[in-house]
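Have a look at the structure below before the remarks.
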Amino acid sequence: MIRLSTRYQGLNTRLIHTGEKPDPATGSAVPPIYQTTTFAFPSNESMLDLMEGRSTGHIYTRFSNPNFAIAEAKIAQLEAAEAALLLASGMAAISTAILTLAGNGDHIISHADIYGGSFGLLHSLLPNFGIATSFVDAADIDAVKKAIRPNTKLILLESPSNPTLQIYDIRQVANLAHEHDVQLIVDNTFSVLNQKPLELGADVVVHSCTKYINGHSDVMAGAIVGTQAFIKNCSDVYRKLGGNLNGFDAWLLIRGMKTLGLRVQRHNENALLVAEYLQQHPRIETVHYPGLPSHPQHKLAADQMTGFGGVLSVELQGGQLEVDQFLNRLELFTRAVSLGSVESLITQPVTAVHHSVPESYRALGGIKPNLIRLSIGIEEVADIIADLEQALS
Ligand SMILES: Cc1ncc(COP(=O)(O)O)c(C=O)c1O
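In the numbering used here, the protein residues as written are 34 to 426.
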């Protein structure tokens with residue numbers, strides 16, 4: 034991995050340059066795309082050297098690839114971490130991190146207002162492999178403490194949560210976890226650059242790079258971030274599960290990350306202005322956005338985040354008819370799942386991302402039928418508000 038001198042500390046500088054140097058073969062200023070499955074060896078002996086760890090290099094794209102290495106170096110910078118592992122999706126990252134830490138007979142703690150895919154993994158799939166999960170109110174530290182069992186291996190936390198934008202105290206949960214020899218994994222997809230869970234005490238960070246890190250709704254990817262030793266263990270699991278990306282998508286991710294700092298700044302600014310606008314609108318019952326002083330955990334959010342992100346959710350007055358009318362009238366917003374892209378996206382969680390989450394867990398997580406999630410893009414904010422205004426009128 035190519036390391037940038039410690040003289041250059043600015044995160045935007047490091048996101049642009051880390052892991053890169055002009056291509057020695059051609060002088061290309063931008064890294065080539067290594068769209069290859071396999072890598073040639075000058076001799077049979079050199080292949081054995083690499084297999085047995087006496088030299089470094091790439092063997093097969095399911096194990097590693099030069100484009101992955103560049104993206105991983107940049108992603109590690111994002112979390113000020115020792116290392117990162119790039120995978121095919123956020124779910125590949127979450128499942129690989131979990132399966133590195135837990136196995137048959139183990140126990141996990143999480144909360145119900147978590148991304149629907151993560152909920153499905155914990156609630157429906159992992160029990161088939163003997164891994165049970167307790168879903169608790171993660172804001173109630175006594176409830177988290179009570180849920181810890183001798184076989185608890187990890188806590189999976191999302192803060193802000195998806196889609197209710199609850200804020201959980203990462204420091205407090207990390208301290209509790211460590212008292213019981215439990216690892217804390219934080220899904221930091223919503224808060225890339227706005228929050229550093231490892232600095233707050235988390236052991237591992239996972240990302241859906243499909244969202245802000247790539248930022249253009251054209252790449253699926255994920256990452257696990259942590260210590261060198263943990264990433265090495267994840268890498269062993271990953272090679273067996275086969276959750277790798279490909280050279281071209283990693284290259285797009287590298288390009289996306291060069292504007293990440295600018296994009297996140299604009300997402301933060303736009304989302305706050307949209308939240309303030311929606312808060313005073315008579316057709317909106319509640320706005321969930323941690324940047325608003327009216328958010329119940331605004332103080333905690335301000336303490337553990339440096340920006341509040343581009344996602345907010347609202348509870349609309351009325352029932353399904355009103356929700357349908359509002360969503361169908363929008364012109365600029367794209368009615369679609371996903372988030373964190375340059376364009377504004379909107380979705381009703383109970384019809385899409387959280388559709389398969391059982392009623393009882395939706396109620397536990399506060400995922401109401403009239404809840405609408407908005408991912409605010411980087412368009413002109415006046416245009417975003419104009420679209421909301423005409424659709425709500
Ligand atoms: C918070 C969060 N984590 C993880 C994921 C899963 O990521 P992917 O779709 O890249 O697998 C998502 C997807 O929406 C998400 O919102």
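Heads up, the beta-carbon is just placed ideally off N, CA and C, and yes, glycines get one too.
Owing to the predicted nature of the structure, the values given are computational and were not obtained by experimental measurement.
Bounds of any beta strand (DSSP E) do not take in Leu365, whose DSSP letter is neither H nor E.
Remark: three or more beta-carbon pairs, one from each stretch, lie closer than 8 Å, so the stretch 139 to 157 and the stretch 378 to 396 are flagged as touching. In the structure shown, Phe341 adopts coil according to DSSP, grouped into three states. Spatial neighbours of Ala130 in its own chain (CB-CB distance under 7 Å, excluding positions within 5 residues in sequence) are listed in chain order as Ile218, Val237, Val239, Ile257 and Cys267. The Cβ atoms of His213 and Ile181 lie closer than 8 Å to each other. In the structure shown, the three-state DSSP call for Lys186 is strand. A direct Cα-to-Cα measurement between Gly123 and Cys242 gives close to 7 Å.
Between Glu413 and Val307, the alpha-carbon positions lie close to 11 Å from each other. With respect to the C-alpha of Ala135, the residue from Arg87, Asp251 and Pro160 having the closest C-alpha is Pro160. Around the C-beta of Lys229, 16 or more other C-beta atoms lie within 10 Å, and the residue is accordingly described as buried.
When DSSP states are grouped into helix, strand and coil, Leu286 belongs to the helix group. For Val356 and Leu349, the gap between their C-alpha atoms comes out near 7 Å. In the DSSP assignment, Gly234 falls outside any alpha helix (DSSP H) and carries neither an H nor an E. Proximity of the beta carbon of Thr197 to ligand 1 is not indicated: no heavy atom of the ligand is located closer than 7 Å.
Straight-line measurement puts the Cα of Phe96 at about 11 Å from the Cα of Leu119. Asn137 and Lys179 have their C-alpha atoms some 22 Å from each other.
Secondary structure of Gln312 (DSSP, three-state): helix. Counting only the Cα atoms, Val63 lies some 23 Å from Lys244.
Of the other Cβ atoms in all chains shown, 16 or more fall within 10 Å of the Cβ of Thr94; this residue is therefore buried.
Three or more pairs of CB atoms, one per stretch, sit closer than 8 Å, so the stretch 190 to 207 contacts the stretch 395 to 407.
When the Cα atoms are used, Pro183 and Leu209 turn out to be separated by approximately 14 Å.
Taking C-beta atoms under 8 Å as the contact rule, Asn301 and Gly248 fail to qualify, at a distance of about 14 Å.
If only uninterrupted beta strand (DSSP E) runs of at least 3 residues are considered, those enclosed by the stretch 234 to 265 are 237 to 241 and 255 to 259. Taken from the Cβ of Thr367, every heavy atom of ligand 1 lies 7 Å or farther away. DSSP places His144 outside both helix and strand once states are collapsed to three, so it counts as coil. DSSP, reduced to helix, strand and coil, places His331 within a helical segment of the structure shown.
Residue environment analysis places Asn100 among the buried positions, since at least 16 neighbouring C-beta atoms fall within 10 angstroms of its C-beta. Thr129 carries a helical assignment under DSSP once its states are collapsed to helix, strand and coil. Between ligand 1 and the CB of Leu378, the shortest heavy atom gap is not smaller than 7 Å. Bounds of the beta strand (DSSP E) holding Val320 are Ile317 to His321. If you compare the alpha carbons of Glu309, Leu233 and Gln358 with that of Ile417, the shortest gap goes to Glu309.
If you check the C-beta of Asp220 against ligand 1, you find a heavy atom less than 7 Å away. Spatial neighbours of Ala171 in its own chain (CB-CB distance under 7 Å, excluding positions within 5 residues in sequence) are listed in chain order as His144, Val177, Leu190, Tyr201 and Val206.
Per DSSP, the continuous alpha helix (DSSP H) segment holding Thr46 begins and ends at Leu44 to His50. In terms of Cα proximity to Leu363, the closest of Asn221, Asp420 and Ile287 is Asp420.
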